[in-house]
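Below you can see the structure in the form of structure tokens.
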């Protein structure tokens, strides 16, 4: 393109220098964007073309060294797309046909008068405008194609009846585990990569999309991965002016991590429902470690309960290395800090934390408090092994365990209280704000003559 925005550089090949000067002056007068450079032979024109970019070439047919068609052919070898206008006084159907075959952009016959220059200027600007628009469109298409092929989502487009694949990016092969070439040959081959139990649902969604209804659905793909990959697919119909669906397009996004978290949440809730069967804190700790290993896939974790100012190892994963689980003071390391502050910590690299005191070759940790009972930790020998989603799930698991340990602590406290009260030998009772009996001991019954069941709840 021209050096300045909007400027159009024109190379005019004309062997009659006087006519070339007139043409240049009239063209620049007709359109101030035009900058015309004239040469009198083909060799000079080609040298100028090789020296720099030209927006448009205007050439006479009869030139001293080569004719205009031969010049056009030489130009097309260098630049297949630069606008080339044959502006000649020798106009025949044969020359016009040859010019069209050689790739001429426009053909204009010289005439008398000044109006021809305005016509030529208009032809030049139109040809350059079209070429610039084509280049911009090509550049946009290249950028969009690069973006599409570097996108982690599967981007796709089919005809409305799914008989032809119009576009799919490289992510298809990774997600589906199937060939794009096979998909191009058989546009519905993607169905063969979908879990058999999900295919009918996908086919029904395809039918709805073809009739103009947007769709959203999730299904499993990739037989090589035992259909363990979940995709969320959104599809939109593209209609013609008359409202007829012409194409269907959309994207498919890997949501396997979210699905895994959803499954983990469901299993953690099931575990929470089972924890009341544990009758000791130690049993709860063991069940918590088992759940972290099985559900959260945290194969190195430990629970520590507080005993006399120390965090005592109560349950640990089988994968924990020898010496990797030791009791420590509540004043030591990340474990102690978690217990003292009641805050959770996710540390990507323990080597960068001065207060850390790892009891093994650990680099990253998730450390979560369990109120005044103790702490739960998951560790890894890799840097950055845990993300925020891991932390949230561990906190949920620890909260379930904490609630049940609160229950056991309350029950144990109540048992101790009842034992003390019964041992007093004196009548003892507790009433609520409405004067109803909530508790009476055996001595109270002996004194009043009422049975326990008769007294509780009465006024």
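Residue numbers (our numbering): 23 to 481. Backbone N, C-alpha and C fix where the C-beta goes; we use that ideal spot for every residue, glycine too.
Over what stretch of residues does the beta strand (DSSP E) that includes residue i continue unbroken?
i	result
residue 386	386-392
residue 31	30-35
residue 335	332-338
residue 459	459-462
residue 80	78-81
residue 400	396-402
residue 60	56-61
residue 84	Run containing residue 84: none; DSSP gives neither H nor E here.
residue 240	237-243
residue 368	367-369
Measuring only the C-alpha atoms, how far is residue i from residue j?
i	j	result
residue 122	residue 269	35 Å
residue 312	residue 330	26 Å
residue 335	residue 375	23 Å
residue 301	residue 440	18 Å
residue 427	residue 299	12 Å
residue 297	residue 254	34 Å
residue 341	residue 322	6 Å
residue 279	residue 250	11 Å
residue 186	residue 206	7 Å
residue 56	residue 159	23 Å
residue 120	residue 127	12 Å
residue 460	residue 478	6 Å
residue 21	residue 431	Not covered by the structure: residue 21. The range shown for the chain is 23 to 481.
residue 256	residue 385	40 Å
residue 347	residue 304	16 Å
residue 248	residue 366	36 Å
residue 350	residue 436	30 Å
residue 401	residue 387	4 Å
residue 318	residue 390	15 Å
residue 184	residue 225	11 Å
residue 361	residue 368	14 Å
residue 24	residue 64	The pLDDT assigned to residue 24 is 46, lower than 50, so where the model puts this residue is not dependable; a value taken from the coordinates is nonetheless given after this. Answer to the nearest angstrom: the Cα atoms are 21 Å apart.
residue 133	residue 139	9 Å
residue 272	residue 212	14 Å
residue 209	residue 118	45 Å
residue 328	residue 337	13 Å
residue 170	residue 277	19 Å
residue 51	residue 33	16 Å
residue 320	residue 415	11 Å
Can you have a look at residue i and say buried or exposed, based on whether 16 or more other CB atoms are within 10 angstroms of its CB?
i	result
residue 244	buried
residue 397	buried
residue 380	buried
residue 149	buried
residue 189	exposed
residue 58	buried
residue 161	exposed
residue 26	Interpretation of residue 26 is limited by its pLDDT of 44, a score under 50 that renders its predicted location unreliable; the figure taken from the coordinates is listed afterwards. The residue is exposed, with fewer than 16 neighbouring Cβ atoms inside 10 Å.
residue 15	No statement about residue 15 is possible, as the shown extent of the chain runs from 23 to 481 and does not include it.
residue 72	exposed
residue 30	buried
residue 236	exposed
residue 115	exposed
residue 352	buried
residue 203	exposed
residue 54	exposed
residue 152	exposed
residue 242	buried
residue 85	buried
residue 295	exposed
residue 291	exposed
What is the residue span of the alpha helix (DSSP H) that residue i lies within?
i	result
residue 139	137-171
residue 307	303-316
residue 46	39-52
residue 231	218-232
residue 290	278-296
residue 95	90-100
residue 70	64-73
residue 362	355-363
residue 407	Unbroken run through residue 407: none, as it is neither H nor E.
residue 319	Per DSSP, residue 319 belongs to no alpha helix (DSSP H) and is neither H nor E.
Using DSSP's beta-bridge definition, name the partner residues of residue i.
i	result
residue 470	Its beta-bridge partners do not exist; DSSP assigns none.
residue 128	107
residue 273	177 and 256
residue 189	179
residue 325	337 and 398
residue 350	333
residue 251	243
residue 261	267
residue 453	459
Worksheet item: For the 8 Å Cβ check, are there 3 or more pairs between the region 351-365 and the region 276-284?
Response: no
Practice prompt. Could you say if the region 87-94 and the region 169-181 meet the contact criterion of at least three C-beta pairs nearer than 8 Å?
Written response: no
Discussion item. Check whether the region 256-265 and the region 229-236 touch, using three or more Cβ-Cβ pairs below 8 Å as the test.
Written reply: yes
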